[in-house]
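Chains as they are written, first to last, in my numbering: chain L, 3 to 234; chain F, 3 to 234.
By construction, the Cβ of each residue, glycine as well, lies at the ideal position given by its N, Cα and C atoms.
As the structure is a prediction and not an experimental result, all values here were calculated from the model.
Structure first, commentary second.
2 protein chains.
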Amino acid sequence: MTKAGKTVLIVDDEAPIREMIAVALEMAGYECLEAANVQEAHAQIIDRKPDMILLDWMLPGTSGVEFARRLKREDRTAELPIIMLTAKGEEDNKVQGLEAGADDYITKPFSPRELVARLKAVLRRSTPQGIEEPIEVSGLMLDPVCHRVTAHGDPIDIGPTEYRLLQFFMTHQERAYSRAQLLDQVWGGNVYVEERTVDVHIRRLRKALGESHEQLIQTVRGTGYRFSTKAS
Amino acid sequence: MTKAGKTVLIVDDEAPIREMIAVALEMAGYECLEAANVQEAHAQIIDRKPDMILLDWMLPGTSGVEFARRLKREDRTAELPIIMLTAKGEEDNKVQGLEAGADDYITKPFSPRELVARLKAVLRRSTPQGIEEPIEVSGLMLDPVCHRVTAHGDPIDIGPTEYRLLQFFMTHQERAYSRAQLLDQVWGGNVYVEERTVDVHIRRLRKALGESHEQLIQTVRGTGYRFSTKAS
DNA sequence: TCCTATTGTGACATTTGCGTGACGAGCCTT
DNA sequence: AAGGCTCGTCACGCAAATGTCACAATAGGA
Numbered sequence: 003m004t005k006a007g008k009t010v011l012i013v014d015d016e017a018p019i020r021e022m023i024a025v026a027l028e029m030a031g032y033e034c035l036e037a038a039n040v041q042e043a044h045a046q047i048i049d050r051k052p053d054m055i056l057l058d059w060m061l062p063g064t065s066g067v068e069f070a071r072r073l074k075r076e077d078r079t080a081e082l083p084i085i086m087l088t089a090k091g092e093e094d095n096k097v098q099g100l101e102a103g104a105d106d107y108i109t110k111p112f113s114p115r116e117l118v119a120r121l122k123a124v125l126r127r128s129t130p131q132g133i134e135e136p137i138e139v140s141g142l143m144l145d146p147v148c149h150r151v152t153a154h155g156d157p158i159d160i161g162p163t164e165y166r167l168l169q170f171f172m173t174h175q176e177r178a179y180s181r182a183q184l185l186d187q188v189w190g191g192n193v194y195v196e197e198r199t200v201d202v203h204i205r206r207l208r209k210a211l212g213e214s215h216e217q218l219i220q221t222v223r224g225t226g227y228r229f230s231t232k233a234s
Numbered sequence: 003m004t005k006a007g008k009t010v011l012i013v014d015d016e017a018p019i020r021e022m023i024a025v026a027l028e029m030a031g032y033e034c035l036e037a038a039n040v041q042e043a044h045a046q047i048i049d050r051k052p053d054m055i056l057l058d059w060m061l062p063g064t065s066g067v068e069f070a071r072r073l074k075r076e077d078r079t080a081e082l083p084i085i086m087l088t089a090k091g092e093e094d095n096k097v098q099g100l101e102a103g104a105d106d107y108i109t110k111p112f113s114p115r116e117l118v119a120r121l122k123a124v125l126r127r128s129t130p131q132g133i134e135e136p137i138e139v140s141g142l143m144l145d146p147v148c149h150r151v152t153a154h155g156d157p158i159d160i161g162p163t164e165y166r167l168l169q170f171f172m173t174h175q176e177r178a179y180s181r182a183q184l185l186d187q188v189w190g191g192n193v194y195v196e197e198r199t200v201d202v203h204i205r206r207l208r209k210a211l212g213e214s215h216e217q218l219i220q221t222v223r224g225t226g227y228r229f230s231t232k233a234s
């Protein structure tokens, strides 16, 4: 489920180090941004909206700690996970770093493997999914927490894509969506697939729902599809 | 928000430090026990049953690491969360500490705020529910007190990790968990392990459960796993 | 009614995700 | 030191899931 690889912003004043880290992370499937100082970092954050920040302790101008503190203070960036990088021998500052709002702390030199591992752990913690209530429509129930679909209590077996499709429909009832919109919302923006693929998945979903509920997914000829309890 | 304040055992040979920590924790609503050495600590654990342990790295006689390892080995105390305390400059030993079974690790000097924060985090993920009643699901029984699993009365032999995994599943039925979530909940947040490792342990657990019960652990394609009595 | 644009449907090759056995490292007991 | 145990990782293979196509079915306008 490699949605889109998460984006990591690397802030360090030494280009070779940035590069090294970037290579390691890209091999692990992350997208990397780089910044040599606080100004660049700030621009990147606003512009590219990374999912987390690798922040060197020592920076020209504003120090890393200060920058971290600033980010945590701003609403817009308060939730951004930060991992502080520090050279060995600066361990005194660990407490400061963590208090400033860093989510983890790693000492140079470090192995790429360790870096990636910590990164994963931090990302894992900081991305809780929204509160998800079961949705029920005329006997058809989708429970996001259990990741399960049932019709009058009986489990229905569908693939991941059909699940996402159904979830989208059930949270957006009564409205017609074009194939392009569905691809955007269910498949995710930057994927190239034929629009007719939507038809196939609609079919699979209808089949899985069975005669009792397939009517909920209505064809809007010339436009797309709609999920509705009312007959068309 | 939860029941009564948790009890924390502070193990350190320097009385002033114990005192300082105790004051900080009591202000945060915890009850504190103190021990200057391993013998005292052991007595306190048996006698007062603390909910977690703050363990200094350096101790007269048996070292903190060794003590931690011993606690993790004994069934009776294996689940007790431990936070190791260490003076600055001993960071090399961090890995040793964590591997010995410590759930977290904190370097002196530290701020009371940091200590309390880590303590909360560790407690949160180690004992969501305090007293441990046996859990039984369709003939499969897990008894936390005896640290034993039986299927229709016949004992099942599984390793510690599989035990924790099963315990987590049985206390969190029906809900689907991603591999990342399982790593967090079962392995502990500060451990860096491949996600696929979860698969392997799932397999080992299923195998141990046998045909009669392996169906309880269901694969949720593209998402993770789920423990449920209902068929998928 | 016929025609055409649009959608339904089954089949197919490819991709992806998971199950599985094996292996080596570390720890504990002997 | 040796042997057993548990653990994390890897590589391989299978099966589900996916995207695409070709063709059938359908609707709606002329």
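Rounded to whole angstroms, how far is the Cβ of residue i from the Cβ of residue j, which I believe are closer than 8 Å?
i        : j        : result
LEU61/L  : LEU35/L  : 16 Å between Cβ atoms; not a contact.
GLU164/F : HIS203/F : 6 Å
TYR194/F : ALA119/L : 3 Å
THR64/L  : VAL25/L  : Rounded, the Cβ-Cβ distance is 27 Å, inconsistent with contact.
GLU197/F : LEU185/F : 7 Å
LEU56/F  : ILE23/F  : 7 Å
VAL147/L : ILE160/L : The Cβ separation is near 17 Å, so there is no contact.
ILE137/L : THR79/L  : Contact flag wrong, Cβ pair sits at about 33 Å.
LEU144/F : LEU168/F : 6 Å
Assuming contact is defined by CB atoms lying nearer than 7 Å, are residue i and residue j in contact in what I supplied?
i        : j        : result
GLY226/L : ARG166/L : no
ASP252/L : ALA38/L  : The requested residue 252/L is not part of the displayed model; chain L covers only 3 to 234.
ILE219/L : ARG208/L : yes
PRO83/F  : VAL124/F : yes
ALA210/F : ILE158/F : yes
ILE108/F : LEU87/F  : yes
PHE170/L : GLN187/L : yes
GLY141/F : HIS154/F : yes
ALA178/F : VAL222/F : yes
ILE85/F  : ASP53/F  : no
GLU42/L  : THR9/L   : no
In the DSSP assignment, find the unbroken alpha helix (DSSP H) run with residue i in it and report its ends.
i        : result
ILE47/L  : 40-50
ILE219/L : Where ILE219/L is concerned, there is no enclosing alpha helix (DSSP H), although the beta strand (DSSP E) it sits in stretches over 219-222.
TYR165/L : 162-173
PRO18/L  : 17-29
ARG72/L  : 66-75
Return the first residue and the last residue of the beta strand (DSSP E) that residue i is part of.
i        : result
THR9/L   : 9-13
ALA178/L : 178-180
VAL151/L : 150-153
ASP159/F : No beta strand (DSSP E) contains ASP159/F, which DSSP labels as neither H nor E.
MET54/F  : 54-58
ALA37/L  : 33-37
PHE229/F : 226-229
ASP145/L : 142-145
GLU138/F : 137-139
Legend entry - Selection of the stretch 19-51 of chain F by Cβ proximity to chain L, strictly under 9 Å: none
Legend entry - Within the stretch 183-213 of chain L, ranges of the beta strand (DSSP E) (whole runs, at least 3 residues): none
Inset, instruction - Output, in sequence order along the chain, the residues in the stretch 166-181 of chain F whose CB is closer than 9 Å to any CB in chain L. - result: GLU176, ARG177, ALA178, SER180
Inset, instruction - Report the residues of the stretch 199-230 of chain F with a CB closer than 9 Å to any CB of chain L, ordered along the chain. - result: VAL222, ARG223, GLY224, THR225, GLY226, ARG228, SER230
Legend entry - Residues in the stretch 132-165 of chain L having any Cβ partner in chain F nearer than 8 Å: Listed by position, the residues of the stretch 132-165 of chain L near chain F (Cβ gap below 8 Å) are VAL147, CYS148, HIS149, ARG150, PRO157, ASP159, GLY161, PRO162.
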